[in-house]
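Structure first, commentary second.
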Amino acid sequence: MFMAGCAFLLIAAFPVGQIALGAVYIHECPVGPVIPVYMIVFGILALLMMVMFTQLKFLSPAAQSHNIWIICIIILLFLFFACLLFGSYHIYSIYPPNYNKNTTGSNSSTRKI
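And the structure:
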């Protein structure tokens, strides 16, 4: 039980870090003001999913049914996936990769040698 608690706290540090970074920089992102909000919501959803999964394991096995818990977990998974897509869109729309980069041109470092 001690090892499970330590693992939970170690894994929970990442969503807490996301929430903290999003809260600190909520008004300081000039390029994408929605990105800190995305980080906060994503961290909260991750913590909720972790709590739901652990509560499902700690419920007594003699309970009638876990259907309510399973429905809540499925809804949280859909929200988590939608938030991931939303955040990925906003992050990658700001920083598109340079597809026209010429690595074999005359400015290459191999030409200078």
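If you count by mature numbering (1 follows the signal peptide of the UniProt record, and there is no 0), then the sequence shown holds residues -18 to -1, 1 to 95, one letter each, in order. Beta carbons are placed, not taken as given, at the ideal position from N, Cα and C, and that holds for glycine. For clarity, every value in this text was computed on a predicted model and none was experimentally measured.
Terminal residues of the continuous alpha helix (DSSP H) containing residue i?
i, result
"N49", "N49 to I76"
Between residue i and the rest of its own chain, which residues show a CB-CB distance below 8 Å, the 5 nearest in sequence each way excluded?
i, result
"M31", "I55, L58, L59 and F62"
State the DSSP-derived secondary structure class of residue i, mapped to helix, strand or coil.
i, result
"P12", "coil"
"M(-18)", "coil"
"Y20", "helix"
"R93", "Any reading at R93 needs caution, since the residue's pLDDT is 49, under 50, leaving its predicted position unreliable; the model's value is listed next. It is helical."
Looking only at its chain, what residues have a beta carbon closer than 6 Å to the beta carbon of residue i, apart from the 5 residues adjacent to it on each side?
i, result
"I1", "I22 and G25"
"I76", "V13 and G14"
When the Cα atoms are used, what is the spatial distance from residue i to residue j?
i, j, result
"G14", "A5", "14 Å"
"Y20", "G(-2)", "13 Å"
"V16", "L27", "16 Å"
"C65", "A(-12)", "25 Å"
"P12", "F68", "18 Å"
"M34", "M(-18)", "17 Å"
"P(-4)", "Q37", "18 Å"
"I8", "Y74", "19 Å"
"S70", "L(-9)", "25 Å"
Ignore the nearest five residues each way along the sequence and tell me which others in residue i's own chain have a CB closer than 7 Å to its CB.
i, result
"K94", "With a pLDDT of 49 at K94, under the threshold of 50, the predicted position of this residue should be treated as unreliable, and no value is reported."
"P18", "G4, Y7, I8 and C11"
Between residue i and residue j, how many whole angstroms is the CB-CB distance? I'm expecting something under 8 Å.
i, j, result
"L29", "A(-7)", "7 Å"
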